[in-house]
């Protein structure tokens with residue numbers, strides 16, 4: 001089923017309005033080889049969405065200033081700030097997984 005351009009534009013506008021507060025701050029890493037310059041930017045935000053507490057990650061790669069690859073993803077699992085817990089028997093920290 002094809003959607004009209006009008007309906008697609010409305011969906012995009014609704015998405016942008018609903019995600020206005022979601023932001024990623026991207027910092028560059030630059031590599032130059034001859035006349036080629038590769039820049040990559042990436043960031044992650046822990047539990048950014050208050051309703052589901054899922055983290056966001058994103059990134060972009062540019063070659064000579066032109067975007068050649070990008071990604072933005074909401075993580076599939078909920079993050080938890082208490083990733084480590086203390087073990088009373090041996091006094092060591094153990095990583096909690098899953």
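Residue numbers (the working numbering): 1 to 98.
The beta carbon of each residue, even a glycine, is placed where N, CA and C say it ideally should be.
Bear in mind the structure is a predicted one, so any value in this text is a computation, not a measurement.
Range of the contiguous alpha helix (DSSP H) that encloses residue 62
It is not in any alpha helix (DSSP H) - residue 62 instead sits in the beta strand (DSSP E) that spans 54-63.
Between residue 39 and residue 55, how many whole angstroms is the CB-CB distance? I'm expecting something under 8 Å.
The Cβ separation is near 24 Å, so there is no contact.
Grouping DSSP H, G and I as helix and E and B as strand, with all else coil, what is residue 22?
coil
Can you tell me which of the three DSSP states residue 50 falls into?
coil
What is the DSSP secondary structure of residue 5, reduced to helix, strand or coil?
helix
Beta-bridge partners of residue 74, as assigned by DSSP:
Bridge partners of residue 74: 56.
Do you know whose CA, among 35, 33, 29, lies nearest residue 41's CA?
29
Pull up the distance between the alpha-carbon of residue 60 and that of residue 73, whole angstroms please.
12 Å
May I ask you to list the residues that DSSP assigns as paired with residue 33?
Bridge partners of residue 33: 36.
Where does residue 13 fall in DSSP's three states?
helix
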